[in-house]
Amino acid sequence: MTFKSPQTLKTIAELIGAKYVGDENFQIFGTNEIHRVKKGEIVFVNHPKYYDKALHSEATIILIDKEVACPEGKALLVSDDPFRDFNKINDHFTGIQTFETTGNNLSIGENCKIHPSVIIGNDVKIGDNCMIFPNVVIGDRTVIGNNCIIQAGTVLGGDAFYYNKNAEGYRKMLSVGNVILEDEVEIGVNCCIDRGVTDSTIIKKGSKLDNLIQIGHDTVLGERTLVASGAMIAGCCIIEDDVQVWGQVGMASGKRVGKGAVLLGKTGVNRDLEGGKTYFGSLAEEFREYLKKEIKLKNL
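Residue numbering for the sequence shown follows our numbering, starting at 248 and increasing by one per position.
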């Protein structure tokens, strides 16, 4: 999530009531999660297991629950509850809107056909020649390219499934990112594409999605990706260009599938997969190896 204007270390520290380590005029440009964070942004960490990863990430400002040695060129925000304060920063600069009224600051291109029942949030951009069917919900900050088709009942920009467990139960991480559909994307009936927590969930140019598909937060689908019905792709995944994902594939969070791979129906992806190969099985393996194993079992 990028601030509309740069903030200072002191300003953010005062907002959340945290101690800071570094120059009070240190500029901050936004917040982000560890897998997408860039220079000038805040990342949070609240467990010693991940201190080193956060401190040596691209992040320039680390929101942390203990004062530690600060790497050169970076700054710390020391908080008793970084998860809470990360939410507080995001809510302050972006805010969570409802659909009580028609969204503000809309941009809709030429020759679009949008059914009257479609619900559109704030700061949404829709390109030219798009068709959006009944009962679609388009959340805040969604960007839709040219020549896109979104079938009935689909939700673009639902909340991320992201919670922090503590003694009282589960705390929700506010989702202030967005969804981006590039040109020539088609989304089927009753699909759910969650917005990023602080960044974007992206469906790249020319990709086609069937019905009843879930795409988790901050996931990126490459160009010309095909996804068949019932596929469930968790958050923070990277699917490269020209991948085919067939029905009821399940993909664990944070995994990568290489260019040109084929995931046959009901494949379970629990690890990174190389491109240019075909996979099958509840724990994905190359299809030829799977068939060899099946033949051996039958011949026992």
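For glycine and all other residues, C-beta sits at the position ideal for the given N, C-alpha and C.
The beta strand (DSSP E) with residue i in it runs from where to where?
i, result
"residue 449", "447-450"
"residue 288", "288-292"
"residue 211", "Given a span of 248 to 547 for the chain in the structure shown, any question on residue 211 remains unanswerable."
"residue 466", "No beta strand (DSSP E) holds residue 466; DSSP gives it neither H nor E."
"residue 426", "425-428"
My guess is that residue i and residue j are in contact by the Cβ rule of under 8 Å, so how many angstroms apart are they, rounded?
i, j, result
"residue 375", "residue 356", "4 Å"
"residue 497", "residue 515", "5 Å"
"residue 332", "residue 353", "About 32 Å; that fails the 8 Å criterion."
"residue 444", "residue 460", "Residue 444 to residue 460, Cβ: 20 Å. No contact."
"residue 267", "residue 324", "6 Å"
"residue 480", "residue 469", "So it is not a contact: roughly 12 Å between Cβ atoms."
"residue 249", "residue 272", "With a Cβ gap of about 19 Å, residue 249 and residue 272 do not count as contacting."
"residue 341", "residue 284", "Incorrect: roughly 17 Å between the Cβ atoms, too far for contact."
"residue 308", "residue 289", "4 Å"
"residue 278", "residue 336", "6 Å"
Kindly identify the DSSP beta-bridge partner or partners of residue i.
i, result
"residue 281", "DSSP output for residue 281 lists no bridge partner at all."
"residue 434", "397, 456"
"residue 354", "372"
"residue 403", "385, 440"
"residue 323", "268, 309"
"residue 413", "416"
"residue 533", "526"
"residue 378", "360, 396"
"residue 477", "In DSSP, residue 477 forms no bridge with anything."
"residue 515", "497"
"residue 390", "372, 427"
"residue 200", "In this structure the chain extends from 248 to 547, so residue 200 is not present and cannot be described."
Let me know the secondary structure DSSP gives residue i once reduced to three states.
i, result
"residue 408", "coil"
"residue 340", "helix"
"residue 541", "helix"
"residue 330", "helix"
"residue 546", "helix"
"residue 318", "coil"
"residue 251", "strand"
Check for me: the alpha helix (DSSP H) holding residue i runs from which residue to which?
i, result
"residue 299", "298-302"
"residue 263", "256-263"
"residue 506", "Per DSSP, residue 506 belongs to no alpha helix (DSSP H) and is neither H nor E."
Pick from the options: whose alpha carbon is nearest that of residue i?
i, options, result
"residue 299", "254, 281, 533, 286", "281"
"residue 343", "393, 404, 518", "404"
"residue 466", "505, 426, 436, 491", "426"
"residue 504", "488, 493, 255", "488"
"residue 381", "435, 423, 523", "435"
"residue 338", "316, 301, 259", "259"
"residue 318", "269, 249, 384", "269"
"residue 598", "279, 408, 450, 276", "Given that the chain is displayed from residue 248 to residue 547, the structure contains no residue 598 and the question cannot be resolved."
"residue 456", "401, 540, 415, 500", "401"
"residue 295", "315, 287, 308, 396", "315"
"residue 394", "263, 373, 414, 438", "373"
"residue 525", "346, 262, 493, 545", "493"
"residue 391", "490, 508, 431", "431"
"residue 253", "276, 265, 263", "276"
"residue 471", "478, 483, 453", "453"
"residue 406", "439, 286, 396, 543", "439"
"residue 350", "361, 366, 340, 335", "366"
"residue 490", "499, 506, 500", "506"
"residue 346", "545, 358, 368", "368"
"residue 500", "508, 251, 484", "484"
"residue 410", "464, 429, 447, 364", "464"
"residue 523", "534, 441, 530", "534"
"residue 265", "312, 326, 274, 293", "326"
"residue 313", "305, 377, 301, 306", "301"
"residue 364", "545, 385, 537", "385"
"residue 292", "329, 257, 305, 304", "329"
I want to check one thing, is the minimum distance from the CB of residue i to the heavy atoms of the ligand SAM below 7 Å?
i, result
"residue 287", "What this structure holds is no ligand at all, so the ligand SAM is not there to describe."
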